[in-house]
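J.:
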Amino acid sequence: MSTVERARIDRRAFVAALVAAVPAETLFVTGLGSPSYDLFAAGDRDRNFYLWGAMGGAVPVGLGLALAQPDLPVVVLTGDGEQLMGIGSLGTVGAQQPANLSVVVLDNGHFGETGMQPSHTSLGTDLAAVARGFGIADSVRISDQDGAAAVAGRIAARRGPTFSQVLIDTDEPQRALPARDGVHVKNRFRAALGFDTF
């Protein structure tokens, strides 16, 4: 299969615009690597839950959070490689239909954390079409830098679940690293939601 032509969205600028446009109470769960760096660079918040090494785990964590906190918007921010690893989780999202869950995949068409090998999305896999096939009817591909406003509007509307495949460039901005202390991240996230920490 031929290589798919890629968009040139600046991922860091897109994430910053998205974070600035969503409701302040939005809960974010990030997949490993670049999505965590980009969310942290956009402004560290107690409502950011960074997953450091749980490849394929971002959507399941976000889904559980969305079901447990139905009055809050929940955004999973992840990459194409991480989403491909956990592709079956989209089927559970489609079955559960949480209105407050939005999955945003930053898709550069490569496995960025393991050496930039081409991922399936650079070889023809359309993740938005896959998500629709799993029952997430509101699934789109974003190829324009200004698309962050539209994604934020869908998040705020909470008529989800929604899925956005954001076609980003392969540039690698300087890493902005959030805390790697999982207990700290968990405790401050729980505290932001009004739960005891332990």
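Numbering (the numbering used here), first residue to last: 23 to 220.
Note that the Cβ used here is the ideal one computed from N, Cα and C, for glycine as well.
Can residue 189 be considered in contact with the ligand SAM, in the sense that its beta carbon sits closer than 7 Å to one or more heavy atoms?
T.: The model on display carries no ligand, and the ligand SAM is accordingly not part of it.
J.: One question on the structure: do residue 129 and residue 102 come within less than 8 Å of each other, judged by their Cβ atoms?
T.: For this step, residue 129 is matched to residue 107 along the sequence shown. For this step, residue 102 is matched to residue 80 along the sequence shown. Going by C-beta atoms, residue 129 is nearer than 8 Å to residue 102.
J.: Considering only residues of the same chain and omitting the five flanking positions on each side of residue 120, which have a CB-CB separation below 8 Å?
T.: Taking the first residue of the sequence shown as position 1, residue 120 is located at position 98. These residues qualify, in order along the chain: 85, 88, 89, 92, 96, 182, 183.
J.: Kindly provide the ranges of any alpha helix (DSSP H) runs that are 4 or more residues long and lie completely inside the region 71-118, ordered along the chain.
T.: The qualifying runs are 80-90, 102-107, 111-118.
J.: How many Å lie between residue 197 and residue 33 at the Cα?
T.: Numbered from 1 along the sequence shown, position 175 holds the residue referred to as residue 197. Numbered from 1 along the sequence shown, position 11 holds the residue referred to as residue 33. Distance between the alpha carbons of residue 197 and residue 33 is about 13 Å.
J.: Which word fits residue 205, buried or exposed, when buried means at least 16 other C-beta atoms lie within 10 angstroms of its C-beta?
T.: Within the sequence shown, the letter at position 183 stands for residue 205. Answer is exposed; the Cβ neighbour count stays below 16.
J.: Which of helix, strand or coil does DSSP assign to residue 156?
T.: The residue given as residue 156 occupies position 134 in the sequence shown. Residue 156 falls in the coil class under three-state DSSP.
J.: In the DSSP assignment, what are the bridge partners of residue 161?
T.: In the sequence shown, the residue the question calls residue 161 occupies position 139. Its beta-bridge partners are 185.
J.: In the DSSP assignment, the alpha helix (DSSP H) including residue 129 goes from what residue to what residue?
T.: Within the sequence shown, numbered from 1, the residue matching residue 129 stands at position 107. Counting along the chain, residue 129 falls outside any alpha helix (DSSP H), though it belongs to the beta strand (DSSP E) covering 123-129.
J.: Rank 187, 116, 171, 172 by C-alpha distance to the C-alpha of residue 147 and give the top, closest one.
T.: The residue labelled residue 147 in the question sits at position 125 within the sequence shown. Closest by alpha carbon: 187.
J.: Would you check if the distance between the CB atom of residue 76 and the CB atom of residue 98 is smaller than 8 Å?
T.: Taking the sequence shown and counting its residues from 1, the one referred to as residue 76 is at position 54. Taking the sequence shown and counting its residues from 1, the one referred to as residue 98 is at position 76. No. Outside cutoff.
J.: Would you tell me roughly how many angstroms separate the C-alpha atoms of residue 82 and residue 165, rounded to the nearest one?
T.: One-based indexing of the sequence shown puts residue 82 at position 60. One-based indexing of the sequence shown puts residue 165 at position 143. Each residue's Cα considered, the two are about 26 Å apart.
J.: Can you give me the C-alpha to C-alpha distance between residue 118 and residue 71, rounded to a whole angstrom?
T.: Here residue 118 is taken as the residue at index 96 of the sequence shown, counted from 1. Here residue 71 is taken as the residue at index 49 of the sequence shown, counted from 1. Roughly 22 Å between the two C-alpha positions.
J.: Can you list, in chain order, the residues of its chain whose CB lies under 6 Å from that of residue 41, leaving out five sequence neighbours each side?
T.: For the purposes of this step, residue 41 is taken as residue 19 along the sequence shown, with counting starting at 1. Once the five neighbours on either side are set aside, the close Cβ partners of residue 41 are 64.
J.: Note down the Cα distance separating residue 185 from residue 151, rounded to an integer number of angstroms.
T.: Residue numbering aside, residue 185 sits at position 163 when the sequence shown is read from its first letter. Residue numbering aside, residue 151 sits at position 129 when the sequence shown is read from its first letter. Those two C-alpha atoms are separated by around 10 Å.
J.: By the three-class DSSP mapping on this structure, what secondary structure does residue 62 have?
T.: Taking the sequence shown and counting its residues from 1, the one referred to as residue 62 is at position 40. Looking at residue 62 - three-state DSSP - the assignment turns out to be helix.
J.: Under 6 Å Cβ to Cβ from residue 190, same chain only, skipping five residues before and after it: list those, please.
T.: Here the question's residue 190 lines up with position 168 in the sequence shown. Taken in chain order, the residues that qualify are 31, 33, 128, 130.
J.: Nearest by alpha-carbon distance to residue 157: which of 212, 112, 170, 174 is it?
T.: Here residue 157 refers to the residue found at position 135 of the sequence shown. Cα-wise, what sits closest to residue 157 is 112.
J.: For residue 44, which residues of its own chain have a beta-carbon under 8 Å away from its beta-carbon, when the five flanking residues on both sides are left out?
T.: Translated into positions along the sequence shown, residue 44 becomes position 22. These residues qualify, in order along the chain: 95, 97, 174, 177, 178.
J.: May I ask which residues mark the beginning and end of the alpha helix (DSSP H) holding residue 40?
T.: Here residue 40 corresponds to residue number 18 of the sequence shown, with the count starting at 1. First-last of the alpha helix (DSSP H) with residue 40: 33-43.
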